[in-house]
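This report refers to the structure that appears directly beneath it.
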Amino acid sequence: MKKKFLSLLFGLILLPNLSLAGEPGYNPGDVTFVLLSAALVFLMTPGLALFYGGMVRRKNVLNTVAMSFIAIVVVSLQWILIGYTLSFGNDIKGIIGDFSYLGLKNVMDLTVSNLPGYVFVVFQLMFAIITAAIISGSVVERMSFAAWIVFIALWTTLVYDPLAHMVWGGGILFNLPALDFAGGTVVHISSGVSGLVAALILGKRKEGENAPLMPHNLPLTILGAGLLWFGWFGFNAGSALAANNLAALAFINTNTSAVMAALAWALAEWLHRRKVTVLGIATGAVAGLVAVTPAAGFVTPTSSVFIGLVGGVLVYIAVGILKAKLNYDDSLDAFGCHGVGGIWGAIATGIFATKAVNPAGADGVLYGNFGQLLNQLAGVGLAIVLAVVGTVIILKLIGIFLPLRVKDEAESIGLDITVHGEDAYKDLIFTGKSVPFS
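In terms of UniProt numbering, the numbers along the sequence shown are unbroken and rise by one, the last being 438.
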């Protein structure tokens with residue numbers, strides 16, 4: 001018994017120093033941390049489904065949730081077959097990767113930032129999934145489900161993959177460099193701008209012209225926001241690709257920006273409408289999470305306070321004021337939150353970045369390097385152009401073969417019943433009488 005105890009104790013002492021079996025040089029702690037971070041990022045997509053699902057009307061909640069879940073299915077397959085190699089294959093003209101890793105061939109022998117190739121592949125996959133899912137927030141309650149499936153497959157291939165390569169995979173923005181620690185440009189600007197373009201092409205929801213489109217279940221939305229916030233720690237801290245102090249900094253900056261943006265939104269809403277809504281607090285937190293994403297590993301915690309403050313106010317103005325004035329139907333504010341928040345975050349990175357916290361980054365304007373702000377603006381501009389042009393071409397192409405919108409009758413009845421043949425809720429029973437949810 002004593003020998004077994006000593007053997008177990010000896011093994012526990014040596015375990016942190018052991019390499020993965022047959023894979024010398026990999027740190028098990030880093031591998032575990034990044035895999036857990038990938039799982040957290042995966043959780044963000046179901047969280048987004050609930051966040052969006054609570055904000056639509058009762059008759060469309062299942063369809064809204066399904067748009068996020070089908071993104072998991074479609075993008076996972078796309079990423080394995082062709083997406084990863086287009087994003088991180090050997091550089092072609094600074095625009096796209098080659099077919100070195102087609103079908104994930106040769107990945108077994110790949111090392112990325114001292115991680116096994118498959119670890120990096122699965123971590124990046126989760127980013128590609130949620131990017132496509134975010135776009136759905138602009139087109140829910142009216143887009144054809146079949147057209148949506150085709151759209152996210154083509155959009156991920158033609159917009160997301162090239163942009164990921166340009167920024168992270170050794171392309172032109174990587175070499176500029178335009179800094180993007182965890183996806184402000186690659187994820188949020190691309191999805192937000194594409195969502196706006198898709199909303200304009202599809203047109204406004206019919207019933208919204210005559211009646212307010214009110215959220216049907218705000219507790220569901222708050223739960224989704226909480227899951228997004230939780231998963232975002234993997235999103236940003238995991239992008240350090242190691243269990244180290246940089247990951248901890250990104251974690252702190254992520255939470256700091258979120259709470260500051262939630263507070264800023266609440267203050268802006270009270271000044272504007274004399275009310276502080278629960279939906280507003282949750283949306284403000286998400287705005288702060290979006291804004292700090294590109295900067296999380298390049299700025300100090302104090303800077304993240306300012307990033308969240310400005311991000312919360314800007315997104316409130318975009319969502320609460322400009323959308324009504326410009327009269328476009330960005331259904332759940334994918335552009336207002338992710339597009340506007342992502343643009344501010346990219347610009348803020350060029351202002352607040354400092355090599356004092358991350359020598360692998362660059363100094364921003366506050367540290368004497370105005371050129372970095374220009375680099376960030378170049379990244380923003382290229383992302384916007386690619387998202388606009390790519391989305392227009394893809395939707396026009398799909399429209400030749402498939403209707404982009406459901407029929408007016410289906411929209412009126414609700415997409416849960418007409419598209420999926422399901423109803424999200426049973427009727428409530430009060431004193432023997434059946435009372436449906438409104």
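Each residue gets a CB set at the ideal place from its N, CA and C atoms; glycine is no exception.
Among the options, the one whose alpha carbon lies nearest that of residue i
| i | options | result |
| --- | --- | --- |
| G311 | V119, G361, V340 | V340 |
| A360 | G94, L115, F181 | F181 |
| I70 | A198, G25, I135 | I135 |
| H165 | F99, C337, A410 | F99 |
| Q376 | V167, K325, K426, S304 | V167 |
| D161 | R142, G97, T302, S303 | G97 |
| L279 | F298, M214, L36, R142 | M214 |
| A378 | V305, G47, F174, L218 | F174 |
| V319 | L326, G308, D333 | D333 |
| P403 | A66, G94, V150, L86 | V150 |
| Y118 | W229, L373, I384, L104 | L104 |
| A250 | K407, S144, G183, V193 | G183 |
| Y84 | A266, A242, L158 | L158 |
| T45 | A242, I72, V34, K59 | I72 |
| V139 | V406, N114, A324 | V406 |
| V389 | T111, L246, S190 | S190 |
| T111 | I130, I92, K93, F88 | F88 |
| Y425 | G171, R58, K275, F123 | R58 |
| S131 | D423, V193, R142 | Per the sequence shown, residue 131 should be read as Thr rather than Ser. Ranking D423, V193, R142 by Cα distance to T131 puts V193 first. |
| N245 | L322, I222, V122, T300 | T300 |
| V47 | T221, A383, G421 | With the sequence shown as reference, residue 47 is identified as Gly, and Val is not the correct amino acid for it. G47 has its Cα closest to that of T221, out of T221, A383, G421. |
| I92 | V122, S144, I172 | I172 |
| I95 | I82, G137, G169 | G169 |
| V163 | E422, D408, L386 | It is worth fixing the name first, because residue 163 is Leu in this sequence and not Val. Comparing Cα positions, the closest option is L386. |
| V56 | G345, A247, P219, F230 | P219 |
| V121 | L77, G421, S144, A147 | L77 |
| F306 | A353, A237, Q124, L86 | A353 |
| H420 | G54, A146, L36, V74 | A146 |
| F298 | A362, S331, F233, V392 | A362 |
| I321 | H272, T283, F233, N217 | H272 |
| D423 | N60, T32, L36 | N60 |
| G350 | S303, A383, A410, L81 | S303 |
| D408 | N253, A346, I82, M143 | M143 |
| S68 | L102, G137, F123 | G137 |
| T256 | A346, F233, W148, F123 | F233 |
Supposed close pair residue i, residue j - CB separation, criterion 8 Å
| i | j | result |
| --- | --- | --- |
| A225 | F401 | That pair is no contact at about 37 Å. |
| A268 | A285 | Not confirmed; about 14 Å, so no contact. |
| P294 | L176 | Contact doesn't hold; Cβ gap of about 14 Å is too wide. |
| G308 | A266 | Wrong, their Cβ atoms sit about 12 Å apart, outside the cutoff. |
| M108 | A38 | Actually they do not touch by this definition, with Cβ atoms about 18 Å apart. |
| W79 | A49 | With 8 Å as the limit, W79 and A49 do not qualify as a contact, their Cβ atoms being about 19 Å apart. |
| T185 | G342 | 7 Å |
| E207 | S412 | 7 Å |
| V41 | L115 | Actually they do not touch by this definition, with Cβ atoms about 15 Å apart. |
| G231 | L43 | 4 Å |
| G364 | L374 | Contact doesn't hold; Cβ gap of about 11 Å is too wide. |
| N236 | A296 | 4 Å |
| H188 | G54 | No, H188 and G54 are not in contact; Cβ-Cβ is about 21 Å, not under 8 Å. |
Paired residues, beta bridge with residue i - DSSP
| i | result |
| --- | --- |
| P116 | T111 |
| M44 | According to DSSP, M44 bridges with nothing at all. |
| M143 | R405 |
is_contact[residue i, chain C] using C-beta, thresh 7 Å
| i | result |
| --- | --- |
| P28 | Considering every chain present, this structure includes no chain C. It has just one protein chain. |
- Segments of 4+ residues assigned as alpha helix (DSSP H) that fall wholly inside the region 80-106: The region 80-106 contains these whole alpha helix (DSSP H) runs: 84-88.
- Message: Counting beta carbon pairs with one atom in the region 315-326 and one in the region 360-371, are three or more of them shorter than 8 Å?
- Response: No, the region 360-371 is not in contact with the region 315-326.
- Segments assigned alpha helix (DSSP H), at least 4 residues, entirely inside the region 291-341: 301-317, 323-326
- Task: Take every Cβ of the region 145-163, pair it with every Cβ of the region 388-402, and state whether three or more of those distances are shorter than 8 Å.
- Result: They touch, by the three-pair rule.
- Is the region 329-345 in contact with the region 288-296, if contact means three or more CB pairs nearer than 8 Å? Flag = yes, the region 329-345 and the region 288-296 touch.
- Message: Across the region 344-362 and the region 198-207, are there enough close Cβ pairs to call them in contact, namely three or more that are closer than 8 Å?
- Response: no
- Query: Where are the alpha helix (DSSP H) runs, 4 residues long or more, that stay fully inside the region 372-419, in chain order?
  - Reply: 408-413
- Query: Are the region 26-37 and the region 191-200 touching by the rule of at least three beta carbon pairs closer than 8 Å?
  - Reply: Judged by Cβ distances under 8 Å, the region 26-37 makes no contact with the region 191-200, as fewer than three pairs qualify.
- Message: Under 8 Å: do the region 410-420 and the region 48-68 share three or more Cβ pairs, one atom per stretch?
- Response: yes
- Length-filtered (4 minimum) alpha helix (DSSP H) runs lying within the region 135-207: 145-155, 161-168, 172-175, 190-202
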